[in-house]
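S.K.:
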Amino acid sequence: MARQFSVRRQTGFTAIAMMCFFALYLPIAVLVVYAFNAGTSLNTWEGFSLQWFVKAFENQQVIEASIRSLQIAVVAALVATAAATMAALATTRTEPYRGLTLKYAFINQPLMIPEIVTAVALLIFFSRIKVWTGYSGLGYLIAAHTAFCIPFAYLPIRARLENMDLTLERAAADLYATPWKTFRYVTLPLLWPGILAGLMLAFVISLDDVVITEFVKSAGQDTLPTYMLGQLRRAITPEMNAISTLFLLLSICIVTVFFFVNKKRI
Amino acid sequence: MADLNAVEIRNVSKIFGFGEFAFAAVNDTSVAIRQNEFFTLLGPSGCGKTTLLRLIAGFEFPTSGEILLNGENIAAMPPFKRPVNTVFQSYALFPHMTVAENIGFGLQMLGRPKAEIQARVAEMLKLVRMEELRGRRTSQISGGQQQRVALARALAPQPKVLLLDEPLSALDYKLRKDMQIELKRLQAETGITFIFVTHDQEEALTMSDRVAVMSAGRILQVGSPREIYDAPTDRFVADFIGETNFLKGRVVSTENGIAEVDTGVAGHIAAALPTGFSPDGEVTVVLRPEHAMLCPPDAMGECQMTGTLENVVYFGTDTHYHVVLSDGVTPFTLREQNKPMQAARFAQGDRVGISVEANAARVLRN
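Quick look at the structure:
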């Protein structure tokens, strides 16, 4: 019997795989380790200490930037996911028609256009609005984040809907469920893992954003990433490592929660 | 009420696409389905039987024509307002609900009180013999069990008409046989009109009170299984249901609805005429394989026709003989029931004589 071809048995497969993992995770591991350094150096180990974490928590600017980041990310992710859910329903719960592909392109546009272009465009656009309205609060950042989060939330929701049998909704309609009840009792419960994935993804993308935030923010509106970027211009201490480590912890938590929530369903 | 038809299709057409791509899935079709009837739509895939079912369910709307349910035109009514329920080919059970929740869904949507839903679900579980699996997820039960849940779910709201879209096609042979009997029992016990769609002629013949044979968006013949099988009026019907021999011939004389047809190679055959049909000239005579038999070798001279045995196929219950008649081109198939411990009587290449039972042949309308 001929043995089946398997890429895992090819020479060098393990070596290449290991190299990829090292390239991905080694720098992060180093960063995390030095967050616990007792000294001020980023590359000389001087003993274990939690002092940089304490420093980070005592730094008023870090606290404020973190709260601002979370505020923006929560609102932007919720609004973007709601919009993305509606968009996904509208583009999948229908017979294919001419122009549907164009709609996909429009919805996914922020993925294609270089972020810096969007950033500059928003800077100019919002500065004009600021002059007209006199308002210069967090609303601009939230609006911008919502906009670029939509395609990220849209993709997993649409993937979930495309795998969902249309016959289920037909069966619900056959069993006297009005369109709203069909959505409430059949579509939504089955779509929930997709929506949750979209929400998480949008949240993380918003939390992480630098380029657009840097251009759109007004004075004193630093988010955690733009604050850290600002700090780079000065002498850098393991405090940055500590903040990054906490950031990493948050995203690991989100991914883990999502994994278990998703596993429980069906 | 009793004399009203359960469902009446009046000149219904369903056209998909536009312009040169327009395609009539159902083409100006009319049919009446009686109360408490087990009615089957039979035809090959693409004949429009499923489209017709979906038009009755409300998943599609007719391009023209009327669909009456107990005398009321429901052609434009959305599916959730129609008192008909469907058993889907894929079952379409809700994967996020238990067996009991699936069965109760229709009543829940109708806003019935909880106590009534519970009682009805229990009754349905008993009817389909699934009581012990009520709390299971639908992904944790077998295909046959899913089938029963789908049936119970569709029957629970006590629909006026139950629509079944090839519900047995995913089951294996043995289970399919059991479910055929089960369906007949359920129909008798509930007294609900069943409209059953299938491409399986055996299923249609064994289960139905009446069968409609469809082809290319039209209903060709409606009748009891016996009528459809014994007296097909149409070449397609004769060919689709069972096996049939077609013999071309010329009408010599007609008397009391029986025509004497000269078929040349197969001699003169007396064939029944369809009512109100008096042909002259070319006709086609149909003859079922089980109504012909091989003559004993010593009586060859008295046979209706002779030919050469091309192929012998053993089926267990019976044996099929494929013969080419003495003109060397006309194929003829006949079937004989096997007797206990009988050795093969004929072999490939044998010259054989064939005789035909009286009153077996029929003339086709076209």
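These protein sequences, in sequence, are chains A and B.
According to the working numbering, the stretch in the first sequence is residues 72 to 337, in order.
According to the working numbering, the stretch in the second sequence is residues 151 to 516, in order.
Cβ coordinates follow ideal geometry from the N, Cα and C atoms, glycine included.
Fair warning: this is a prediction, and the values are worked out from it, not measured in the lab.
(1) Taking the C-alpha atoms as reference points, what is the distance between Ala214 of chain A and Arg164 of chain A?
(2) Does the stretch 430-437 of chain B come close enough to the stretch 502-515 of chain B that 3 or more CB-CB pairs lie under 8 Å?
(3) Under the DSSP definition of a beta bridge, which residues are partnered with Pro481 of chain B?
(4) By Cβ distance below 7 Å, which residues in the same chain neighbour Arg231 of chain A in space, the five residues on each side in sequence not counted?
(5) Would you identify the three-state DSSP class for Ser428 of chain B, choosing helix, strand or coil?
(6) Quick one: which unbroken alpha helix (DSSP H) runs of 4-plus residues sit fully inside the stretch 306-383 of chain B? Chain order, please.
(7) For a quick check, are the C-beta atoms of Ser120 of chain A and Asn130 of chain A less than 8 Å apart?
(8) Along the chain, where does the beta strand (DSSP E) that runs through Ser180 of chain B open and close?
(9) Compare the C-alpha of Gly221 of chain B against each of B:Arg262, B:Val157 and B:Leu283 and name the closest.
(10) Grouping DSSP H, G and I as helix and E and B as strand, with all else coil, what is Asn333 of chain A?
(11) Return the chain-ordered ranges of every alpha helix (DSSP H) run that is complete within the stretch 132-209 of chain A and spans a minimum of 4 residues.
(12) What's the C-alpha gap between Thr404 of chain B and Ala420 of chain B?
(13) Could you give the DSSP three-state label for Gly407 of chain B: helix, strand or coil?
(14) Under 9 Å between beta-carbons, which chain A residues line up against Phe209 of chain B? List them in chain order, please.
(15) Hey, out of B:Ala174, B:Asn223, B:Val372 and B:His246, whose CA is closest to Asn333 of chain A's CA?
(16) Considering Cα atoms alone, identify which of B:Leu459, B:Gln351, B:Asp477 and B:Gly208 is closest to Val415 of chain B.
(17) Ignore the nearest five residues each way along the sequence and tell me which others in Asn161 of chain B's own chain have a CB closer than 6 Å to its CB.
(18) Apart from the five residues just before and just after Val401 of chain B, which ones in its own chain have a Cβ nearer than 7 Å to its Cβ?
(19) Using 8 Å as the limit for Cβ to Cβ distance, is Thr238 of chain A near chain B?
(20) Whose C-beta lies closer than 6 Å to the C-beta of Thr383 of chain B among residues of the same chain, with five residues either side of it excluded?
(21) Which residues does DSSP list as the beta-bridge partners of Ser505 of chain B?
(22) Where does Gln487 of chain B sit, in a helix, a strand or coil, going by DSSP?
(23) In chain B, which residues lie with their C-beta within 7 Å of the C-beta of Pro260 of chain A?
(24) State buried or exposed for Trp123 of chain A, treating a residue as buried only when at least 16 other CB atoms are found within 10 Å of its CB.
(25) For Ala248 of chain A, return the contacting residues in chain B, with the cut-off set at a CB-CB distance below 8 Å.
(26) Mapping the DSSP letters down to three states, classify Asp468 of chain B as helix, strand or coil.
(27) Going by the CB atoms, is the gap between Phe346 of chain B and Met357 of chain B shorter than 8 Å?
(28) Taking the alpha-carbon positions, what's the Tyr298 of chain A to Ala147 of chain A distance?
M.R.: From the atom records:
(1) By 1-based counting over the first sequence, the position of residue 214 of chain A is 143. By 1-based counting over the first sequence, the position of residue 164 of chain A is 93. Answer to the nearest angstrom: the Cα atoms are 28 Å apart.
(2) yes
(3) Counting from 1 along the second sequence, the entry for residue 481 of chain B is found at position 331. B:Val474.
(4) Mapped onto the first sequence, residue 231 of chain A falls at position 160. Excluding sequence positions up to five before and after Arg231 of chain A, its CB lies within less than 7 Å of the CB of Leu262, Pro264 and Gly265, all in the same chain and listed in chain order.
(5) Here residue 428 of chain B refers to the residue found at position 278 when the second sequence is read from its first residue. If DSSP states are grouped into helix, strand and coil, Ser428 of chain B belongs with coil.
(6) DSSP runs (the alpha helix (DSSP H)) wholly in the stretch 306-383 of chain B: 323-340, 351-357 and 375-380.
(7) In the first sequence, counting from the first residue as 1, residue 120 of chain A sits at position 49. In the first sequence, counting from the first residue as 1, residue 130 of chain A sits at position 59. Contact: no.
(8) As a position in the second sequence, residue 180 of chain B is number 30, starting the count at 1. Phe173 to Ile183 is the extent of the beta strand (DSSP E) around Ser180 of chain B.
(9) What you label residue 221 of chain B is simply residue 71 of the second sequence in a count that begins at 1. Nearest C-alpha to Gly221 of chain B: B:Val157.
(10) Residue numbering aside, residue 333 of chain A sits at position 262 when the first sequence is read from its first letter. DSSP places Asn333 of chain A in helix when its eight states are reduced to three.
(11) 171-178, 180-183 and 186-204
(12) In the second sequence, counting from the first residue as 1, residue 404 of chain B sits at position 254. In the second sequence, counting from the first residue as 1, residue 420 of chain B sits at position 270. Cα to Cα, the separation comes out at about 9 Å.
(13) Against the second sequence, residue 407 of chain B aligns to sequence position 257. DSSP places Gly407 of chain B in coil when its eight states are reduced to three.
(14) Counting from 1 along the second sequence, the entry for residue 209 of chain B is found at position 59. Within 9 Å Cβ-Cβ: Arg241, Ala244 and Asp245.
(15) On the first sequence, position 262 is the one that residue 333 of chain A refers to. Ranking B:Ala174, B:Asn223, B:Val372 and B:His246 by Cα distance to Asn333 of chain A puts B:His246 first.
(16) The residue given as residue 415 of chain B occupies position 265 in the second sequence. It is B:Asp477 whose Cα lies nearest to the Cα of Val415 of chain B.
(17) Along the second sequence, one-based indexing puts residue 161 of chain B at 11. In its chain, beyond the 5 residues on either side, Asp178, Ser180 and Gly215 have a beta carbon closer than 6 Å to the beta carbon of Asn161 of chain B.
(18) The residue you call residue 401 of chain B lines up with position 251 of the second sequence. Counting only Cβ-Cβ distances below 7 Å, and skipping sequence neighbours, we find Ala409, Val411, Pro429, Asp430, Gly431 and Val433.
(19) Reading the first sequence from its first residue, position 167 is the one you call residue 238 of chain A. Yes, Thr238 of chain A counts as interfacial toward chain B.
(20) Position 233 of the second sequence, counted from the first residue, corresponds to residue 383 of chain B. Close CB contacts of Thr383 of chain B within its chain, under the 6 Å cut and outside five residues either way in sequence, are with Gln371, Pro424 and Arg515 (chain order).
(21) One-based indexing of the second sequence puts residue 505 of chain B at position 355. Note: Ser505 of chain B sits in a beta bridge opposite B:Met443.
(22) Here residue 487 of chain B refers to the residue found at position 337 of the second sequence. Judged by DSSP in its simplified three-state form, Gln487 of chain B adopts strand.
(23) Within the first sequence, the letter at position 189 stands for residue 260 of chain A. Here the neighbours are His246.
(24) For the purposes of this step, residue 123 of chain A is taken as the residue at position 52 of the first sequence. Flag for Trp123 of chain A reads buried.
(25) In the first sequence, residue 248 of chain A corresponds to position 177, counting from 1. Here the neighbours are Phe230, Phe255 and Met259.
(26) The sequence position of residue 468 of chain B within the second sequence is 318, counting from 1. Three-state result, Asp468 of chain B: strand.
(27) Along the second sequence, one-based indexing puts residue 357 of chain B at 207. Along the second sequence, one-based indexing puts residue 346 of chain B at 196. In this structure, Phe346 of chain B lies closer than 8 Å to Met357 of chain B by Cβ.
(28) Stepping through the first sequence from its first residue, residue 298 of chain A is reached at position 227. Stepping through the first sequence from its first residue, residue 147 of chain A is reached at position 76. One C-alpha to the other measures close to 19 Å.
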